[in-house]
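Asker:
There are 2 protein chains.
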Amino acid sequence: MTKPLRLGVAGLGVVGIGLAQLLHRQANLLRVRAGRPIVLSAYSARSRRDGLPEIGAARFTGSAVALAAEGDIDVFVELIGGADGVAFEAVKAALNRGLPVVTANKAMLAGHGLELARLSEAHDAPLFYEAAVGGGIPVIKTLRESLAGNAIERVSGILNGTCNYILSRMETERLPFEACLAEAQRRGYAEADPTFDVGGFDTAHKLAILASLAFGSKIDASAVSVEGIESITLADLAAADELGFRIKLLGVAERTPHGVEQRVHPTMVEKSAPLAQTMGVLNAVSIAGDAIGELTLVGPGAGGDATASAVAADLVDVARGTRLPVFGRPVASLSEADRVPMQRHEGGYYVRLTVVDRPGAMGAIAARFGERMISLEAIMQKRATKAWAEAGVVPVVLMTHGTTEGAIRDALARTLEEGVVREKPQVIRIERDAV
Amino acid sequence: MTKPLRLGVAGLGVVGIGLAQLLHRQANLLRVRAGRPIVLSAYSARSRRDGLPEIGAARFTGSAVALAAEGDIDVFVELIGGADGVAFEAVKAALNRGLPVVTANKAMLAGHGLELARLSEAHDAPLFYEAAVGGGIPVIKTLRESLAGNAIERVSGILNGTCNYILSRMETERLPFEACLAEAQRRGYAEADPTFDVGGFDTAHKLAILASLAFGSKIDASAVSVEGIESITLADLAAADELGFRIKLLGVAERTPHGVEQRVHPTMVEKSAPLAQTMGVLNAVSIAGDAIGELTLVGPGAGGDATASAVAADLVDVARGTRLPVFGRPVASLSEADRVPMQRHEGGYYVRLTVVDRPGAMGAIAARFGERMISLEAIMQKRATKAWAEAGVVPVVLMTHGTTEGAIRDALARTLEEGVVREKPQVIRIERDAV
Chain A
677 MTKPLRLGVA
687 GLGVVGIGLA
697 QLLHRQANLL
707 RVRAGRPIVL
717 SAYSARSRRD
727 GLPEIGAARF
737 TGSAVALAAE
747 GDIDVFVELI
757 GGADGVAFEA
767 VKAALNRGLP
777 VVTANKAMLA
787 GHGLELARLS
797 EAHDAPLFYE
807 AAVGGGIPVI
817 KTLRESLAGN
827 AIERVSGILN
837 GTCNYILSRM
847 ETERLPFEAC
857 LAEAQRRGYA
867 EADPTFDVGG
877 FDTAHKLAIL
887 ASLAFGSKID
897 ASAVSVEGIE
907 SITLADLAAA
917 DELGFRIKLL
927 GVAERTPHGV
937 EQRVHPTMVE
947 KSAPLAQTMG
957 VLNAVSIAGD
967 AIGELTLVGP
977 GAGGDATASA
987 VAADLVDVAR
997 GTRLPVFGRP
1007 VASLSEADRV
1017 PMQRHEGGYY
1027 VRLTVVDRPG
1037 AMGAIAARFG
1047 ERMISLEAIM
1057 QKRATKAWAE
1067 AGVVPVVLMT
1077 HGTTEGAIRD
1087 ALARTLEEGV
1097 VREKPQVIRI
1107 ERDAV
Chain B
677 MTKPLRLGVA
687 GLGVVGIGLA
697 QLLHRQANLL
707 RVRAGRPIVL
717 SAYSARSRRD
727 GLPEIGAARF
737 TGSAVALAAE
747 GDIDVFVELI
757 GGADGVAFEA
767 VKAALNRGLP
777 VVTANKAMLA
787 GHGLELARLS
797 EAHDAPLFYE
807 AAVGGGIPVI
817 KTLRESLAGN
827 AIERVSGILN
837 GTCNYILSRM
847 ETERLPFEAC
857 LAEAQRRGYA
867 EADPTFDVGG
877 FDTAHKLAIL
887 ASLAFGSKID
897 ASAVSVEGIE
907 SITLADLAAA
917 DELGFRIKLL
927 GVAERTPHGV
937 EQRVHPTMVE
947 KSAPLAQTMG
957 VLNAVSIAGD
967 AIGELTLVGP
977 GAGGDATASA
987 VAADLVDVAR
997 GTRLPVFGRP
1007 VASLSEADRV
1017 PMQRHEGGYY
1027 VRLTVVDRPG
1037 AMGAIAARFG
1047 ERMISLEAIM
1057 QKRATKAWAE
1067 AGVVPVVLMT
1077 HGTTEGAIRD
1087 ALARTLEEGV
1097 VREKPQVIRI
1107 ERDAV
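Here it is, written out as structure tokens:
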């Protein structure tokens, strides 16, 4: 097989240019490994980039959909992004004519993954998406292929480098959320509108993909409970440190007695756990399965080169003729995603309260927790600062043994009703065995 | 494709039984993921095991070679072990008749990998071996497929759980090598004759496989420089700890100006590095490539279930018809392995000396190092214990900046000649940027 694999690449942003450079730089290596040359044959973008050496003689078209639907290409590479619009239309057009597709688009997969999987099967057109989750980390291949013989029990990961950078900086530099977010924006790690990242939605899209692969369920981003990192304070990070934990934004998909939970939230992770040791813009994923035990992958979760590395791996798979069901099994055998309300979540909790400084206040709180059968593992009350004292309040941190979210929320609601607590309590879930 | 994939499994040791159990337990999952049933059709072993539910109706044969050469099977699974003998004969017989082979046999691959790759190509019979390195960790797939677009710069790993267990126990329990080895033997982590593990040879076999995949060279275990962990003392671990390091037995294959180094030896690794945090029987591999940056995989490196997980992944690949060159590229494009003498290795060094306690001794040592242009990063000399004092010697630890192995060995030889040092100096290489 020496016929070249001709790519039509839609989108020349950071990843698109990174891919063009990689194809240019590693042309020989890719030819040897794939068994045939992999060539950038045509591209679509907002404007022509014909001057670049890595673009070479590739044909330009202004329309990604036209490139996918009519281009004289062997594989369509979608690097435009966005759940809907041009990216989705173009990918559908490619699959509809039986063209293999490689994409880095997690939002599209989270929103329309099932429809795309159906198209892929109907037209026998493979769909690869290693770059959609974890950047260069081969987590899709690991779940879809390497752990094929495992009943997966849990997938948990740091899937958003922006959030991990901000939390790492807050912890090491003792700077508040806003300052670290601004720094991340200056460094290009965060968008001007950071909601999608810091609100946990990007992590939720990625988790939905991993959960479908791990548990054989129809991908459903709306089944993911999502909380962002905006409310995390330096007081929380300091308390976590003292208790032996770090705070990470985790995506967790886990088999529980109530079904498969899918949740994204700030999480207290023991410092010794591999995920806790993942700092800065790195990503990490831990996977627990019945045969493998626990496997952890750590690497760059973003960046043009690392993401292009994942796209290139998919292209070599396409060139070699590898065929795989989109979510690891035929669509017909995918089950509906469970919807497990967070109220039923079971685990330990960290609770930080601003308690009114008067006799009996702590007793009232302890009583409300006791009534809900919540047992406390640790209580931390420091001497109040002058500001706290003047406000007539004291900060208190509680750490609970295993209980349910419902019990915690109920106990806190009652505590608030009694007026012994000011401000909204901070509640952070603890992940013990998970990571 | 609903025709079952019929396995002939040779060898029912820990991994063979683990595989049979996995196939039995996950029959439905594997059928859905592979697109066809995967069934244990025949097996060879020292004795019949027909009573086991996971063996079911599988046919027994006493001869692995006969099973491979004549068995009515679709894939031959070699779990016998050993570089030569029955395992090698059987695998050759299977490939010779075009039968796909899955093996966990690192010694056979290290010794005969090139010949097997040639047979695989000649007869169009795929050869899969995920279980040969890192147990359940998908490092073969990662190098052979996921990093196909990367020029690999370095692969370094903890590839032998026995050694890592012993070094971890020595460090945390402050027990000498012999005691920790005995403990590992009691727990079944080490063989009665531990030489193969603690001498570094098992790691060398695995490293040779990874190096061939990473650098496109003909596999050649004799190109690996090997040192074991037998000489590591509690004094070394204590000094490492004080200097901010841990001692790990690493396999390192690395592109250098002198060619690709392949080496296995105890290594000082900074405590913050992912490999340093890999304790007990876990394995870990870090891979650096030009596009990916650095990727680290951590997981169980041995055990029946974890190894069976890797074998099962290979079987699903076979069932799906995946085709890959054995070492990631055609044999014709593999280069000769470089042979870089350790004398040319460049890096930092830890040196522990037993120095004669007399005026000018340290000065003489420093002079010999200075003559070889070796600059010292740290010198540690503690107050001598009574035993040391009575022997008239003091223990001294030196840590050097980057230099060459040749310079270190030369400086130490001269120091020994001058009689200012007693006993053989302890020399441990420092891996800084590697991990």
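Protein chains in written order, with the numbering used here: chain A, 677 to 1111; chain B, 677 to 1111.
Just so you know, even glycine gets a beta-carbon here, dropped at the ideal spot from N, CA and C.
1) With 16 other CB atoms within 10 Å as the buried threshold, where does residue 1061 (chain B) fall?
2) Under 6 Å Cβ to Cβ from residue 1073 (chain B), same chain only, skipping five residues before and after it: list those, please.
3) By the 8 Å beta-carbon criterion, what residues does the region 809 to 837 of chain A contribute toward chain B?
4) Using 8 Å for Cβ pairs, my map puts residue 1023 (chain B) next to residue 1082 (chain B). What's the rounded Cβ distance?
5) Roughly how many angstroms separate the alpha carbons of residue 711 (chain A) and residue 678 (chain A), rounded to a whole number?
6) By the 9 Å beta-carbon criterion, what residues does the region 992 to 1014 of chain A contribute toward chain B?
7) Among the candidates B:888, B:893 and B:837, whose CA atom is the shortest distance from the CA of residue 876 (chain B)?
8) Taking any Cβ of chain A, which residues in the region 954 to 980 of chain B have a Cβ under 8 Å from it, in chain order?
9) Based on the DSSP secondary-structure assignment, which residues constitute the bridge partners of residue 895 (chain B)?
10) Please classify residue 881 (chain A) as buried or exposed, where buried requires at least 16 other C-beta atoms within 10 Å of its C-beta.
11) Taking Cβ positions, are residue 742 (chain B) and residue 780 (chain B) nearer each other than 8 Å?
12) Is residue 951 (chain A) close to chain B? Criterion is C-beta to C-beta, closer than 8 Å.
13) Looking at the strands, I want to know which residues DSSP matches up with residue 1057 (chain B).
14) For residue 708 (chain B) and chain A, any beta-carbon pair shorter than 8 Å?
15) To the nearest angstrom, how far is it from the Cα of residue 865 (chain B) to the Cα of residue 861 (chain A)?
16) Along the chain, where does the alpha helix (DSSP H) that runs through residue 983 (chain A) open and close?
17) Using the beta-carbon of each residue, which ones in chain C are nearer than 9 Å to residue 907 (chain B)?
18) Going by C-alpha distance, which of B:709, B:752 and B:698 is nearest residue 717 (chain B)?
19) For the region 1087 to 1106 of chain A, enumerate the residues whose C-beta is nearer than 9 Å to any C-beta of chain B, in chain order.
20) Please classify residue 784 (chain A) as buried or exposed, where buried requires at least 16 neighbouring CB atoms within 10 angstroms.
21) Per DSSP, what kind of secondary structure is residue 823 (chain A) in: helix, strand or coil?
22) Along the chain, where does the beta strand (DSSP E) that runs through residue 1022 (chain B) open and close?
23) Starting from residue 959 (chain B) and walking both ways along the beta strand (DSSP E), at which residues does that stretch end?
24) Could you tell me which uninterrupted alpha helix (DSSP H) segments, each at least 4 residues in length, are contained entirely in the region 841 to 882 of chain B, listed from first to last along the chain?
25) Against residue 702 (chain B), what residues of chain A qualify as contacts under a CB-to-CB distance less than 7 Å, listed in chain order?
26) Which value, in whole angstroms, describes the spacing of the CA atoms of residue 1068 (chain B) and residue 1032 (chain B)?
27) Out of curiosity, what's the CA-to-CA distance linking residue 899 (chain A) and residue 1016 (chain A)?
28) Answer yes or no: does any C-beta atom of chain A fall closer than 8 Å to that of residue 717 (chain B)?
29) What span of residues does the alpha helix (DSSP H) with residue 777 (chain B) cover, start to end?
30) Does the region 880 to 895 of chain A touch the region 1005 to 1020 of chain A, meaning 3 or more C-beta pairs lie closer than 8 Å?
31) With a floor of 3 residues, list each beta strand (DSSP E) that falls wholly inside the region 1071 to 1107 of chain A, ordered by position along the chain.
32) Work out the CA separation of residue 1051 (chain A) and residue 1080 (chain A) for me, nearest whole Å.
33) Measuring only between beta-carbons, confirm whether residue 849 (chain A) sits less than 8 Å from chain B.
34) Ends of the beta strand (DSSP E) at residue 681 (chain A)?
35) Quick check on DSSP: helix, strand or coil for residue 950 (chain B)?
36) Output, in chain order, the set of chain B residues within a Cβ distance shorter than 8 Å of residue 989 (chain A).
Answerer: Taking the coordinates as given:
1) By the 10 Å Cβ count, residue 1061 (chain B) comes out exposed.
2) Apart from the 5 residues on each side of it in sequence, residue 1073 (chain B) sits with its Cβ closer than 6 Å to the Cβ of 915, 1028 and 1056 in its chain, given in chain order.
3) Within the region 809 to 837 of chain A, the residues whose Cβ lies closer than 8 Å to some Cβ of chain B are 812, 813, 814, 817, 818, 821, 822, 823, 824, 825, 826 and 827, listed in chain order.
4) Taking a contact as a CB-CB distance under 8 Å, the pair residue 1023 (chain B) and residue 1082 (chain B) does not count as one, their CB atoms being some 12 Å apart.
5) Those two C-alpha atoms are separated by around 7 Å.
6) Flagged, chain order: 992, 993, 996, 997, 998, 999, 1000, 1001, 1004, 1005, 1006 and 1009.
7) Of B:888, B:893 and B:837, the residue nearest in Cα terms is B:837.
8) The residues in question are 965, 966, 967, 968, 969, 970, 971, 972, 973, 974, 975, 976 and 979.
9) Listed as beta-bridge partners of residue 895 (chain B) by DSSP are no residues whatsoever.
10) Per the 10 Å Cβ criterion, buried.
11) Their beta carbons are not under 8 Å apart, which means residue 742 (chain B) does not touch residue 780 (chain B) by this criterion.
12) No, its Cβ sits nowhere closer than 8 Å to a Cβ of chain B.
13) Bridge partners of residue 1057 (chain B): B:1072.
14) At least one chain A Cβ lies under 8 Å of residue 708 (chain B).
15) Computed Cα separation, rounded: 49 Å.
16) Residues 980 to 996.
17) As a matter of chain content, chain C is missing from the structure shown, whose protein chains are A and B.
18) Answer by Cα proximity: B:752.
19) Listed by position, the residues of the region 1087 to 1106 of chain A near chain B (Cβ gap below 9 Å) amount to none.
20) Under the 10 Å beta carbon count, residue 784 (chain A) is surrounded by 16 or more other beta carbons and is classified as buried.
21) If DSSP states are grouped into helix, strand and coil, residue 823 (chain A) belongs with coil.
22) Unbroken beta strand (DSSP E) run through residue 1022 (chain B): 1022 to 1032.
23) 958 to 965 is the span of the beta strand (DSSP E), which, as asked, contains residue 959 (chain B).
24) DSSP runs (the alpha helix (DSSP H)) wholly in the region 841 to 882 of chain B: 853 to 862 and 871 to 874.
25) Under the 7 Å cutoff, chain A gives 825 and 827.
26) Computed Cα separation, rounded: 6 Å.
27) Residue 899 (chain A) and residue 1016 (chain A) have their C-alpha atoms roughly 8 Å apart.
28) Residue 717 (chain B) does not count as touching chain A.
29) Run containing residue 777 (chain B): none in the alpha helix (DSSP H); it sits in the beta strand (DSSP E), 777 to 779.
30) Result yes; three or more Cβ-Cβ pairs closer than 8 Å.
31) Restricted to the region 1071 to 1107 of chain A, the beta strand (DSSP E) segments that are unbroken, complete and at least 3 residues in length are 1097 to 1107, listed in chain order.
32) Answer to the nearest angstrom: the Cα atoms are 11 Å apart.
33) Not an interface residue.
34) First-last of the beta strand (DSSP E) with residue 681 (chain A): 681 to 686.
35) Correct three-state label for residue 950 (chain B): helix.
36) Result: 821, 822, 823, 824 and 825.
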